[in-house]
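Residue numbers (our numbering): 5 to 183.
In structure tokens, the structure reads:
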């Protein structure tokens, strides 16, 4: 069809492959813009460094309408300004999109349940490397039972303050509770 036919809202099914040199730096904003231009797959070959805010990275790597298919070994940098409020599930979703390292470059305000914070900061396939001075809020529900060892593991991932926002029951050995 004509160019006009190919630029309408319903016929933008172009398969696109991004072939930048391995280890080059790509911005999440540019990738998500490209991903939003087509209803077909946008594939990024090679492993790169992808930089962007948590919102930009979510659009580029997770949101169906704008995501690109990355090679899987990318190094990802979350570049939000210091003290930005980030949800642990957002960070772990970004972390789950690569086998490479995901680094948060500034101290943030990170919130989530114990399990969400553990997935984002402590263990699993979706861990991100945080700056180390983040303020962390544990948002489990009132009267939930939390393990002191889980809270201590989260606390070890920051030099900042860790706050449990509700009245919860904390269980563990005396040493774990004192940590």
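For glycine and all other residues, C-beta sits at the position ideal for the given N, C-alpha and C.
Of the residues assessed, residue 112 falls on the buried side of the cut-off, its CB having 16 or more other CB atoms within 10 angstroms. In the structure shown, residue 127 falls within a coil segment according to DSSP collapsed to helix, strand and coil.
Residue 115 is bridged by DSSP to 91 and 141. Comparing alpha carbon positions, the residue from 98, 122 and 154 closest to residue 55 is 98. Residue range 152-159 is occupied by the alpha helix (DSSP H) that includes residue 159. Our two residues, residue 154 and residue 176, have alpha carbons roughly 10 Å apart in a direct line. With a contact defined as Cβ atoms closer than 8 Å, residue 51 and residue 27 qualify at about 7 Å. Sequence-distant Cβ neighbours of residue 76 in its own chain, meaning closer than 7 Å and more than five residues away, are 102 and 103. In the pairwise beta carbon analysis, the stretch 134-142 is classified as touching the stretch 163-176: at least three pairs are separated by under 8 Å. In this model, residue 125 and residue 161 are separated by some 7 Å (Cα to Cα). Cβ neighbours of residue 92 within its own chain (closer than 8 Å, five residues either side excluded): 114, 115, 116, 117, 120, 121, 123, 124 and 125.
A distance of 7 Å or more separates the beta carbons of residue 148 and residue 181.
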